[in-house]
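Below: the structure, in structure tokens.
Protein chains: 2
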Amino acid sequence: MRLVIATCSVTYSGRLNAHLALATRLLMVKADGAVLIHSDGGSYKPLNWMSPPASMRVRDPDAEQVQAGIEQVWTVAAEKSDDILTILISEIHHDSSHQLGRDPGLVKDGVESDLQRLLAEQIERLGAGHSLIRREHPTPIGPVDLLAKGPEGTVAVELKRRGDIDGVEQLTRYLELLNRDPLLAPVAGVFAAQQIRPQARTLAEDRGIRCVVLDYEDMKGEDDQAPRLF
Amino acid sequence: MRLVIATCSVTYSGRLNAHLALATRLLMVKADGAVLIHSDGGSYKPLNWMSPPASMRVRDPDAEQVQAGIEQVWTVAAEKSDDILTILISEIHHDSSHQLGRDPGLVKDGVESDLQRLLAEQIERLGAGHSLIRREHPTPIGPVDLLAKGPEGTVAVELKRRGDIDGVEQLTRYLELLNRDPLLAPVAGVFAAQQIRPQARTLAEDRGIRCVVLDYEDMKGEDDQAPRLF
DNA sequence: GTTTTTATCTCGAGG
DNA sequence: CCTCGAGGTAAAAAC
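As given, the protein sequences belong to chains F and A, one line each in that order. Each residue of the first sequence is one higher than the last, beginning at 1 in UniProt numbering. Each residue of the second sequence is one higher than the last, beginning at 1 in UniProt numbering.
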């Protein structure tokens, strides 16, 4: 990884065109050819970048560019498209290279699949008298997260970490399909999430879909497997 | 901006829990307290990070951590939530700080608003005999991108850079509302995008919505305003 | 301030 | 290889 602090201007041409006026920034060049241009603020997204795989070419400025005070011209080209990032460097304040090696990568806990496993094990969180039929019940338009038997019949469960309007739409499509199957119908809908947005709740309830808010930490506490990832 | 190349392990605790095993990485500390942890590959997303505003505390390792070869412990806490990033540093290979100043920011050209302006000007790209009624036609659930008059009546246009299934759902909701208005009905739907995904096209056509693929570069070439942002 | 929409989204899983 | 859905989505625009 090469780290350069430079006063530069940048132009990107690809799916859109974008430009950065002259200022001092960090240029990060990764081993796979990726280039990231960061300012000293904002979150993790760079001001501008090139995704890997890419290759960089450094050349001297032409006469006009020399006049404009440009010392180096970096051209970063994507290998799989014709996206091009051009960096005009006026001054380099720092330049260092470092050997990092491969990264073992991030281990996560608490994503939707974990939530699904826990709710499958603790299906009574949908209400007393529920039992699991199956996870990932297949339909022609994709799998339903959970299918369960409740006191009032079969229920299809759509599970989200954050319950949004498109999750309700998704469940609605599933329910329409499931209720066409005479062996399964009638199937009621349950929209279960750690957090349900008001608009999603309103839409769901208008359609007769029940909303259930889940407490992940609580469910994890009750988890008999209690896996320790780290 | 502070740049540190260090052999470290990292733990994040917040909306989920995540862990990075011991390896050598770049730690970037920004002026607003943001911290980014990058490996030497992958696109612009860091392996792990803390969004600003945040504050960092550096302390010495406890006895057990010293035994494990840890030299420093960085604790990065978000100011607006209880998210915490803990970085256990075993070895620092590089450490430098740099003054960057405020960035003038990115200027873009080619986003959805540009596409909408161009299609409004070149509405005949929907087919011969189309004329624009208005852009951003208001409805109770949000504005319809374009409303036009075609040879066979009024059409509502939903515009996307990438045409996905949720765009079709959105247009469907608009059409249902617009067709309730006796002054407007009947209104047909057109789903226009630079790229339309097969599933979205299938759903749209099932619902009698016409799909139109737009060529932005072509439209830009025909643009009489020809704005030069840079 | 909140909510909604966009994104050069990135990233991973599954066919 | 492509397609699809999730994301600690982030970030900008709309309200």
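Ideal placement from N, C-alpha and C gives every residue a C-beta, glycine not left out.
Residues bridged to residue i by DSSP?
{"i": "A:D166", "result": "According to DSSP, which records beta bridges pairwise, A:D166 is partnered with nothing at all."}
{"i": "A:T24", "result": "A:T7"}
{"i": "F:L146", "result": "F:R135, F:V157"}
{"i": "A:E91", "result": "A:T7"}
{"i": "F:G56", "result": "Per the sequence shown, the amino acid found at residue 56 of chain F is Met instead of Gly. In the DSSP output, where bridge partners are listed per residue, F:M56 has F:V76."}
{"i": "A:N48", "result": "A:I37"}
{"i": "F:R15", "result": "Per DSSP, none; premise fails for F:R15."}
{"i": "A:V213", "result": "A:A193"}
{"i": "F:I84", "result": "F:S13, F:A77"}
{"i": "F:K108", "result": "A:A18"}
Starting from the beta carbon of residue i, find every residue of chain F whose beta carbon is closer than 7 Å, and list them in chain order.
{"i": "A:E176", "result": "Near A:E176 there are no residues of chain F at all, since even the closest Cβ is about 13 Å away, more than 7 Å."}
{"i": "A:D32", "result": "G41"}
Which residues of chain F have a Cβ atom closer than 9 Å to the Cβ of residue i, listed in chain order?
{"i": "A:P52", "result": "G41, G42, S43"}
{"i": "A:P198", "result": "Result: empty, since nearest Cβ-Cβ is about 13 Å, beyond 9 Å."}
Report yes if the CB atom of residue i is closer than 8 Å to the CB atom of residue j, and no otherwise.
{"i": "F:H137", "j": "F:L126", "result": "no"}
{"i": "F:L203", "j": "F:L159", "result": "no"}
{"i": "A:I87", "j": "A:L27", "result": "yes"}
{"i": "F:I141", "j": "F:L175", "result": "no"}
{"i": "A:G33", "j": "A:D83", "result": "no"}
{"i": "A:L183", "j": "F:V111", "result": "no"}
{"i": "A:K220", "j": "A:L118", "result": "yes"}
{"i": "A:L85", "j": "A:V35", "result": "yes"}
{"i": "F:I133", "j": "F:K149", "result": "yes"}
{"i": "A:A128", "j": "A:V144", "result": "no"}
{"i": "F:T172", "j": "F:R207", "result": "yes"}
{"i": "F:H130", "j": "F:E124", "result": "yes"}
Under 9 Å Cβ-Cβ, which residues of chain A neighbour residue i?
{"i": "F:P104", "result": "L20, A21, L22, A23"}
{"i": "F:P46", "result": "Y44"}
{"i": "F:S96", "result": "L3, I5, H94, S96"}
{"i": "F:W49", "result": "S43, Y44"}
{"i": "F:L203", "result": "Neighbours of F:L203 on chain A: none; closest Cβ ~10 Å, over 9 Å."}
Name, please, each residue of chain A whose Cβ falls closer than 7 Å to the Cβ of residue i.
{"i": "F:I87", "result": "The premise fails here: F:I87 is roughly 14 Å from chain A at the closest Cβ pair, so nothing lies under 7 Å."}
{"i": "F:D82", "result": "Neighbours of F:D82 on chain A: none; closest Cβ ~11 Å, over 7 Å."}
{"i": "F:M56", "result": "Those within 7 Å of F:M56 in chain A number zero; the least Cβ separation is about 15 Å."}
What in chain A is Cβ-close to residue i, meaning under 8 Å?
{"i": "F:G101", "result": "A23, T24, D40"}
{"i": "F:M28", "result": "L26, H38"}
List the residues of chain F that residue i touches, going by C-beta distances under 8 Å, in chain order.
{"i": "A:A193", "result": "Near A:A193 there are no residues of chain F at all, since even the closest Cβ is about 13 Å away, more than 8 Å."}
Cβ contact (3+ pairs, closer than 8 Å) linking the region 178-196 of chain F and the region 83-102 of chain F: no
The region 46-58 of chain A in contact with the region 72-89 of chain A per 3-pair CB rule at 8 Å: yes
Inter-stretch contact (C-beta, 8 Å, three-pair minimum) for the region 194-209 of chain F and the region 155-167 of chain F: yes
Meets three-Cβ-pair contact criterion under 8 Å: the region 28-47 of chain A and the region 38-49 of chain F: yes
Residues of the region 150-170 of chain F whose Cβ lies closer than 7 Å to any Cβ of chain A, in chain order: D166, E169
Residues of the region 107-124 of chain A with Cβ closer than 7 Å to any Cβ of chain F, in chain order: V107, K108, D109, G110, V111
Cβ contact (3+ pairs, closer than 8 Å) linking the region 3-13 of chain A and the region 211-222 of chain F: no
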